[in-house]
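Report on the following structure.
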Amino acid sequence: MLKSNCPVTGQPDWGSVLVRYKGPKIDREGLLRYLIGFRQHQDFHEHCVEHIFTDLMAQAKPTQLLVLARYVRRGGLDISPWRATPGLTPPTPLRLARQ
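With my numbering, the residue at position 81 of the sequence shown is 376, and numbering never jumps.
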């Protein structure tokens, strides 16, 4: 479960994050602590995904990386931003049942 805070309203935004990764072994506990740190992070959904992607690229130096966040719907709109290295695409469907 990924939680961040809306920079406009300050309200919490809830979602699920998917990380697909190829490269040197990554510390799962460290990654979990990092993602939990977003609970206090105040930014837009797309910026959160970009932040996670660039941090993982810099720290872990993977050969392939995909970061996808599926946020709970707001105003009837799906919010599922993603970023990937060239050649990777997000899995379908982009919606989860609780969205």
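Backbone N, C-alpha and C define an ideal beta-carbon position, used for all residues, glycine too.
Under DSSP, Tyr329 takes part in no beta bridge, so it has no partner. Sorting Pro302, Pro307, Leu383 by C-alpha distance to the C-alpha of Leu360 places Leu383 at the top. Contact between Lys317 and Pro381 does not hold, since their C-beta atoms are separated by about 13 Å, which reaches or exceeds 8 Å. Taking the CA atoms as reference points, Arg334 sits about 25 Å from Lys320. In the DSSP secondary-structure assignment, Asp308 is bridged to Ser299.
For Asp350, there is no enclosing beta strand (DSSP E); the enclosing alpha helix (DSSP H) covers residues 340 to 355. Using a Cβ distance threshold of 8 Å, Pro307 and Phe339 do not count as a contacting pair. Secondary-structure assignment with DSSP links Leu361 through a beta bridge to Arg315, Ala379. According to the DSSP secondary-structure assignment, Arg369 is paired through a beta bridge with Leu372.
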